[in-house]
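If you count the sequence shown from 1, position 113 lands on 112 in numbering that gives the first Met the number 0, and the numbers rise without skipping. The next block holds one structure in the form of structure tokens; read it before the comments.
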Amino acid sequence: MFVKSETKKNKQKSVVNESAIRVLTINNKRFVVGLQWETIKVHRKVMQEVRKIGKAKNLDVVAIRKAEAIQAGFAPKSRQKLRGAYSLIVSLASLLEGSCIAVIPVGTNESGENEYTIVGRTEKGAIHPISDVIYPEKEIKQVVLDLKQDLRGNQQNTEIPVYGDLDKFTWVTESLDLENILKPGNIRKDFRLKPLHWGMTKNQLFGFTAALLMSGVAVFFILNHLDEQERIKRAAVQAMMKQQEDINKKARYQAALDKLKHPWITTSSIPVFLQGCNEGLKKLNLSIKGWQLATIKCSQEGMT
0 MFVKSETKKN KQKSVVNESA IRVLTINNKR FVVGLQWETI KVHRKVMQEV RKIGKAKNLD
60 VVAIRKAEAI QAGFAPKSRQ KLRGAYSLIV SLASLLEGSC IAVIPVGTNE SGENEYTIVG
120 RTEKGAIHPI SDVIYPEKEI KQVVLDLKQD LRGNQQNTEI PVYGDLDKFT WVTESLDLEN
180 ILKPGNIRKD FRLKPLHWGM TKNQLFGFTA ALLMSGVAVF FILNHLDEQE RIKRAAVQAM
240 MKQQEDINKK ARYQAALDKL KHPWITTSSI PVFLQGCNEG LKKLNLSIKG WQLATIKCSQ
300 EGMT
């Protein structure tokens, strides 16, 4: 699909390292430049194959681009904290249309020379192999010419738009406004770099530990509160049981006292009883309107 240019050969020989990685901040989002791209040949269990490649080369994060082929851009573990950032090449290849080239400034090198990276997008949206590499300004024009030839293929008369700084390069054909094209509404989750393993950074580990500690404290207070409520409930039940036991105890004691009472304590003696009966008889009328009393009953309660 692409001709073998000298630039492409250099790309194939290069091995990505931390010094080749640049991070650009655009609209308060971090975009990574300098990934090592490979075509993934499998179409099932893509992430399994990607992690296998990453493990073999001791790489840390990956960006995935799915177009006419599945491509993966890898980066090693870096002090620049690449996790959670976005791939600039994937973002632009997804948002630009048709076969095109974009030239993006990435700062200066140790010699003070301006440096750039290239986005080469095929008609069907794939990323050209010489993309996502950092080039010095003196090489950028030749890189663009070689890339144009590759993108045209057999149709050498095809116009390939070149996006970039119109004031800087005469061969740039279209203005590139990164802040506009990479505005928050255009950014998707699939532009983001994915971790190749489940390890956490120090900050992530600290955050996870803090969250775990806070959760543990919250659970402790909840359980302590529930235990206190259960203790209060048990104390109330025990108090009710003791009160009922005291009532039953008093009732049994009173019943026992009643059984122990002697008749002579609450009733009159026989002489007193008989005397009382005689006194009562004297007060009764033995005849009431011609009726005479036949029976008189005398008891401790009275006479009937």
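Ideal placement from N, C-alpha and C gives every residue a C-beta, glycine not left out.
Around the C-beta of Val236, fewer than 16 other C-beta atoms lie within 10 Å, and the residue is accordingly described as exposed.
Contact between the region 78-98 and the region 24-36 is established, with three or more Cβ pairs separated by less than 8 Å. Three or more beta-carbon pairs separated by less than 8 Å link the region 182-194 to the region 61-76, which places the two stretches in contact. The C-alpha of Leu175 lies about 51 Å from the C-alpha of Gly215. Taking Leu91 as reference, the option from His127, Lys248, Asn27, Thr172 with the minimal CA-CA separation is His127. The C-alpha of Gly206 is placed about 38 Å away from the C-alpha of Lys40. In summary, Glu96 is exposed, with fewer than 16 beta-carbon neighbours lying within 10 Å of its beta-carbon over all protein chains present. Boundaries of the beta strand (DSSP E) harbouring Val161: 161-163, taken from the DSSP string. About 11 Å separates the beta carbons of Asn113 and Glu138, which is beyond the 8 Å limit, so they are not a contact pair. Between Val143 and Val161, the C-beta spacing is below 8 Å.
Between Glu178 and Ile25, the C-beta gap is smaller than 8 Å, which places the two residues in contact.
Assignment of alpha helix (DSSP H) within the region 145-228, counting only whole runs of 4 or more residues, yields 177-180 in chain order. Ala250 sits exposed, since fewer than 16 C-beta atoms from the chains shown fall within 10 Å of its C-beta. Nearest to Lys140 by C-alpha distance, out of Val102, Gly124, Ala71, is Val102. With respect to Ile100, Leu146 sits close: the two C-beta atoms are nearer than 8 Å. Cβ contact annotation for Asp131 (same chain, cutoff 7 Å, sequence separation greater than five): Val32, Gly33, Leu34, Trp36, Gly72, Ile88, Thr116, in chain order. In this structure, DSSP gives Lys123 a state outside helix and strand, which the three-state scheme calls coil.
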